[in-house]
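Beneath this line is the structure, given in structure tokens, with notes to follow.
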Amino acid sequence: MQFNVLCYLAIMIFSGMAFGRLVKLVKLPNVTGYLLAGLVLGPSVLKIIPKDTIDSIAVISEVALGFIAFSIGNEFKMSYFKKVGAAPIVIAALEALGAVVAVCAVLVAFGNDLPFSIVLSSIAAATAPAATIMVIRQYKAKGPVTETLLSVVALDDAVALMLFGIAVAVAGMLNSTANVSVVSMIFSPIVEIIGALGIGAVLGMLLTYFVRFFKKDGNRLSLAVGFVFAGIGIADVLGISSLLLCMALGAVFVNFSKQSLPVMKVVDAVTPPIFMLFFVASGAALELSVLPTLGIVGVIYVVFRVVGKVLGTYAGAAICKCDKKIKKYLGYALLPQAGVAIGLSLAATTVVPEYGQTIRAIVLCATFIYELLGPAVTKIALKKAGEIQ
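Using UniProt numbering, the first residue of the sequence shown is number 1, and each one after it goes up by one.
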């Protein structure tokens, strides 16, 4: 039987909820259940959700990514980072960069194409804060490692989005058949990133100005959604990063608007179904037939992302003269990877389309591994640091 799109969306939501409950029985995050739901119902297993339906709801993925980036921007509170100092910023930058450099260097050493290696390795920077925060709350962890961890995960995805923006622009230039100068290769990504951040900042100021005239939650929600939609649309028209644009929109809004907290509370209340559909669709898009071809590339991504994050965290903590426990254990608490990484893998398919399915398959498989092992490793790291009783 062939259903219409709305019927498929309903099936995706109900299956996502069911699998979300199932994975809770084995203490796994909801996102793992959503991905499993999509995988089971998708073209690779039961074939209940056809491929053309997944393709036809691509706009939902764009909207979900916009709101994910907007939420990340809202974590970028300057008042908070003034209070905690520079250490979380330095550590977040170096652990993200460490993951990118480690994965990219090994991929290139094994003979992979440079554009492919740059884009895939840039996704390695992202960390899933939800799983980490869940462990901290569940075990009531307290101490210097926990405090630094919370600050780093708040910054991590913002750093990852910027690194991905640079990687995408550089890979696009490398893939261009035209003769491109070195100067153009250096400045083109910078212009794209500054453009996305600048337009996002302008939209953030406009949202800050107009939200003052509305008191009802419904009107404020409509205004915020309208600005996020506008940001996604403008980015698409101009060919710049909607992720960076929406992140800047959220960052400016949270730092300049007194209404940001109630607005985000309403936005967070209505976005879960969008995120659920996004993750279920991502799971359904995973082609199991690609998995046997991943081989060494998948192993490199999974292993050297961890190596890069641990070494980068150690370097950042050493530079900032942090507690020895932070240097020793913090990196291992940054393993989980989910929403932003999956979103970036989707965006990456437009940059290196010939590797699109491979990139998505690697990231989705890595997500399963990290979401299975990540929370457990985070718990062990915090326990070793003496912050879980």
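Note that CB positions come from ideal geometry on N, CA and C, so glycine has one too.
Beta-carbon proximity list for residue i, same chain, < 8 Å, skipping 5 on both sides
| i | result |
| --- | --- |
| leucine 372 | Leu28 and Thr32 |
| isoleucine 296 | Phe110 |
| leucine 163 | Ala96, Leu97, Val100, Ser122 and Ala125 |
| serine 61 | Phe278, Ala281, Ser282, Gly343 and Leu346 |
Minimum C-alpha distance to residue i - residue among the options
| i | options | result |
| --- | --- | --- |
| leucine 149 | Thr127, Ile166 and Ile342 | Thr127 |
| leucine 364 | Tyr332, Glu95 and Leu286 | Leu286 |
| glycine 239 | Leu344, Leu206, Thr350 and Gln337 | Thr350 |
| aspartate 55 | Leu46, Tyr8, Leu25 and Leu22 | Tyr8 |
| glycine 343 | Phe67, Val270 and Gly316 | Phe67 |
| leucine 6 | Ile49, Ile72 and Gln138 | Ile49 |
| phenylalanine 227 | Val45, Gly200, Val103 and Gly38 | Gly200 |
| arginine 305 | Pro43, Leu94, Gly85 and Ser260 | Leu94 |
| phenylalanine 213 | Ala18, Ser117, Gln259 and Phe187 | Gln259 |
| alanine 169 | Phe187, Asp157, Asp156 and Leu155 | Phe187 |
Limits of the unbroken alpha helix (DSSP H) element including residue i
| i | result |
| --- | --- |
| asparagine 219 | 217-238 |
| isoleucine 13 | 5-24 |
| tyrosine 329 | 324-329 |
| tyrosine 355 | That residue, tyrosine 355, is in no alpha helix (DSSP H); it is neither H nor E in DSSP. |
| leucine 243 | 242-256 |
| lysine 265 | 260-270 |
| glycine 343 | 339-348 |
| asparagine 112 | Counting along the chain, asparagine 112 falls outside any alpha helix (DSSP H), and DSSP gives it neither H nor E. |
| isoleucine 54 | 51-56 |
| glycine 38 | 30-41 |
Exposure label - residue i; buried when at least 16 CB within 10 Å
| i | result |
| --- | --- |
| alanine 178 | Residue placement at alanine 178 is flagged as unreliable, the pLDDT there being 48, under the threshold of 50; the coordinate-derived value follows with that caveat. Per the 10 Å Cβ criterion, exposed. |
| alanine 141 | buried |
| methionine 12 | buried |
| tyrosine 80 | exposed |
| leucine 288 | exposed |
| asparagine 4 | exposed |
| isoleucine 190 | exposed |
| lysine 24 | exposed |
| phenylalanine 210 | exposed |
| isoleucine 194 | exposed |
| methionine 264 | buried |
| proline 272 | exposed |
| alanine 102 | buried |
| glutamate 354 | exposed |
| alanine 317 | buried |
| glycine 331 | buried |
Distance CB(residue i)-CB(residue j) smaller than 8 Å
| i | j | result |
| --- | --- | --- |
| threonine 146 | leucine 335 | no |
| glycine 204 | alanine 248 | yes |
| glycine 308 | alanine 99 | yes |
| alanine 171 | valine 119 | yes |
| leucine 223 | valine 266 | no |
| valine 159 | isoleucine 319 | no |
| glycine 250 | phenylalanine 70 | yes |
| residue 400 | isoleucine 369 | Summary: the structure shown does not reach residue 400, with the chain confined to residues 1 through 389, and so no result is reported for it. |
| threonine 132 | alanine 333 | yes |
| leucine 161 | leucine 97 | no |
| glycine 231 | cysteine 246 | yes |
| proline 115 | asparagine 74 | no |
| phenylalanine 14 | valine 254 | no |
| tyrosine 34 | glycine 283 | yes |
| residue 393 | alanine 281 | Because the chain is modelled from 1 through 389, residue 393 falls outside the range shown and cannot be assessed. |
| alanine 58 | phenylalanine 275 | no |
Nonlocal neighbours in the same chain, by C-beta distance under 6 Å from residue i, ignoring five residues either side
| i | result |
| --- | --- |
| serine 241 | Gly165 and Ala196 |
| lysine 83 | none |
| phenylalanine 256 | Thr208 |
| alanine 385 | Val145, Lys325 and Tyr329 |
| asparagine 30 | Gly20 |
| glycine 356 | Thr349 |
| alanine 235 | Ser242 and Leu245 |
| valine 26 | none |
| tyrosine 139 | Ile388 |
| proline 129 | Val153 |
Residues near residue i by beta carbon distance below 7 Å, same chain, minus five either side
| i | result |
| --- | --- |
| alanine 341 | Ile123, Ala126, Val363 and Thr367 |
| valine 270 | Leu221 |
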